Amino acid sequence: MTEKLKVGLIFGGRSGEHEISLLSARSVMDAMDRSKYEVCQIGITHQGHWLSGSEVLEAFERGQVEHLETVAIFAEPGMGRSFRWAEGRALEMIHELDVIFPVLHGTYGEDGTIQGLLELADIAYVGAGVLASAVAMDKCLFKQVMRANDIRTVDWTLILSTELQDEMDEVIRRAESVASYPLFTKPANLGSSVGISKCRNRSDLMEGMLEAARYDRRILVEQGLEAREIEVSVLGNEYPEASIAGEVVPGDEFYSYRAKYKDDTSELHIPASIDKEIEQEAQEMAVEAFQAIDGAGMARVDFLLDRETGTLYMNEINTIPGFTKISMYPKLWEASGLPYPDLLDRLIELAFMRQEQKESLVRVYEGEA
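Residue numbers (my numbering): 1 to 369.
Structural data, given as structure tokens:
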């Protein structure tokens with residue numbers, strides 16, 4: 001019998017998307033083939049404490065983590081293991097891991113930080129590396145990279161939270177110069193629609209920027225379109241593939257946190273009811289954007305399709321997309337012929353392929369002979 005791969009599933013995290021991470025982790029846990037994988041659960045609390053032990057995910061779901069033990073993964077090559085410790089006690093290894101599957105949405109999980117730790121530890125992990133994670137996570141930087149690659153985005157501007165305190169009049173002038181109302185205000189480094197506001201006037205704009213500033217020091221003010229929300233899933237490393245396109249029909253004014261996770265009024269249309277030419281354009285743009293940021297493993301790519309002009313705009317890339325049972329990323333691949341368990345297999349395979357590439361690189365320069 002082939003020995004099972006030990007997969008470190010990391011979830012929770014210091015993010016406004018902590019609860020969504022738990023939902024994603026539950027779906028991944030339920031779908032993972034236990035004849036192939038031994039799943040080692042590691043949960044990170046809102047305060048950043050790493051915990052493991054018995055029924056970790058269940059404990060996080062209940063909010064009762066007192067019985068769990070503190071664990072750590074060390075940033076040292078060859079130490080692809082997790083350790084537990086307590087005061088006055090020596091370190092004790094509890095997991096020897098083959099690959100890490102981070103299901104950490106938002107800051108400190110999707111932004112390149114945990115990827116940096118895993119790079120230092122020299123262990124295979126699912127998903128994008130440090131660079132792609134960081135670029136995709138920051139909505140303003142991502143738009144700059146898209147425009148540098150001639151990929152169409154709506155107009156926008158960047159506001160710093162310190163400017164709201166010191167230069168509000170100038171900030172309002174700059175924000176209103178982006179486009180006519182409505183405008184959207186968003187934290188630059190967050191997902192799941194947390195902290196996003198649709199602003200119809202100056203009063204809304206001020207409130208929206210202040211709301212976004214609660215979550216990030218960088219704030220995006222963006223042109224609002226009367227648009228359809230089209231999504232494509234991407235899978236692969238150097239030669240990524242795009243799924244069929246889907247459409248989100250929000251039950252709210254836009255695809256808000258409530259519309260995504262709190263009620264059943266939003267609809268996911270798979271496949272999207274769009275012309276084949278538009279679907280092909282979305283697929284090509286998704287792959288091009290994925291490659292432009294040096295993506296790896298997976299991404300969900302979101303578009304805005306202007307109802308009036310039929311123009312397709314790149315909105316954002318999510319390098320650790322939602323993995324809940326109702327999330328677009330796995331549903332699009334299922335509709336494209338790749339069931340959820342097989343998708344997980346492929347992601348883990350891609351993680352090992354990327355790790356093999358890194359291990360083949362020369363790390364010591366010996367100079368010319």
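In this text, a Cβ means the ideal position worked out from N, Cα and C, and glycines have one as well.
Predicted model, so just to flag it, every value in this text is computed and none were measured.
Original post:
What is the DSSP secondary structure of E76, reduced to helix, strand or coil?
Top reply: coil
Original post:
When you compare each of I278, E308, W156 to C140 by their alpha carbons, which one comes out closest?
Top reply: W156
**OP:** Mind checking which residues open and close the alpha helix (DSSP H) that includes V65?
**Re:** Careful: V65 lies outside any alpha helix (DSSP H) and carries neither H nor E.
Original post:
Rounded to a whole number of angstroms, what is the C-alpha to C-alpha distance between V194 and V39?
Top reply: 30 angstroms
Subject >> Cβ neighbours of E3 in the same chain (closer than 8 angstroms, five flanking residues each side left out) >> reply: none
Original post:
Residues in its own chain within less than 7 angstroms of G48 by CB, not counting five upstream and five downstream?
Top reply: R14
Original post:
Quick one: Cα of L361 to Cα of Q355, how far?
Top reply: 10 angstroms
Subject >> H46, DSSP secondary structure in three states >> reply: coil
Subject >> Continuous alpha helix (DSSP H) stretch holding R346: start and end >> reply: 340-359
**OP:** Grab the span of the beta strand (DSSP E) containing S197 for me, first residue to last.
**Re:** 197-199
**OP:** Report yes if the CB atom of Q223 is closer than 7 angstroms to the CB atom of A289, and no otherwise.
**Re:** no
Original post:
Does the segment 272-290 touch the segment 203-221, meaning 3 or more C-beta pairs lie closer than 8 angstroms?
Top reply: no
Original post:
Thinking C-alpha only, which one of A134, Q291, G63 is nearest I151?
Top reply: Q291
Original post:
So what does E231 bridge to, in DSSP terms?
Top reply: G246, D302
Subject >> Status (buried if at least 16 other CB within 10 Å, exposed otherwise) for P187 >> reply: buried
Original post:
Are at least three pairs of beta-carbons, each pair with one atom in the segment 118-134 and one in the segment 20-40, less than 8 angstroms apart?
Top reply: no
Subject >> Residue environment, R200, which counts as buried when at least 16 other CB atoms sit within 10 Å >> reply: exposed
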